[in-house]
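Residue numbering for the sequence shown follows the working numbering, beginning at 4 and increasing consecutively.
Heads up, the beta-carbon is just placed ideally off N, CA and C, and yes, glycines get one too.
See structure below.
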Amino acid sequence: MFGGVKVSALDVMAFNDAIAELQRNWLSHYGGVLVSFTVNMAGPIKVNKASSVVFEQGCQAINHVCSNTPLNIINHHQIQTHAGFHYLIALNNTPDNNFDAIALKKQLIQLESTHPLGRLMDIDVLSGSLRPLSRSNIGLPSRRCIICDDDAKNCARSRRHSLQNLYMEIEEMLTQ
């Protein structure tokens, strides 16, 4: 379930740089709102059976959310490298509605909070600048750890949980 090609921190940084460049190009070309989705996969193997399932279900769920807003999907693109998966959607806003990037971010946070695999989904919304809207921007608490429910960034930085325990939790999430 978690086997695959190990990647280095440099591989992940290069992947993230490529995503940022694509986001810049799309914001420049399309304007409007971007949805940027990656899978939060612990450990040095980013592409495996588990992350593939999360990515597939995440793309379907995000498409469903976006299709049920007044925003129009202009383009979408999937990337898979050994360093991870990425899905980018460009949407525009029609002048006759009040739906905006913040409203979309709230819906996507709801998706992350309610989908059985949502805690493994990193869904960003960008509009006008390259800075994604954060949970704190809209008055919501930060992501919680999948094991102890503390702040996820604190647990990740301190490596509070073993990779084996994280994999066990992810496997349980996948079987629900």
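Taken atom to atom, the span from the alpha-carbon of F5 to that of K108 is near 30 angstroms. Contact annotation: V128 and S55 have beta-carbon atoms that are not nearer than 9 angstroms. Take the alpha-carbon of A17 and the one of S70: they are about 31 angstroms apart. Under the three-state reduction of DSSP output, L91 falls in the strand class. Rounded to the nearest whole angstrom, the CA to CA distance from V10 to M176 is 24 angstroms. Taking one beta carbon from each stretch, the region 17-27 and the region 126-140 have 3 or more pairs nearer than 8 angstroms; the two touch.
P119 is the residue among H164, P119, R147 whose C-alpha sits nearest the C-alpha of F58. Bounds of any alpha helix (DSSP H) do not take in F40; it lies within the beta strand (DSSP E) bounded by 36-42. The shortest CA-to-CA distance from L91 to any of N140, G142, I77 is the one to I77. About 4 angstroms separates the CB atoms of L94 and L74; that is less than 8 angstroms, so the two are in contact.
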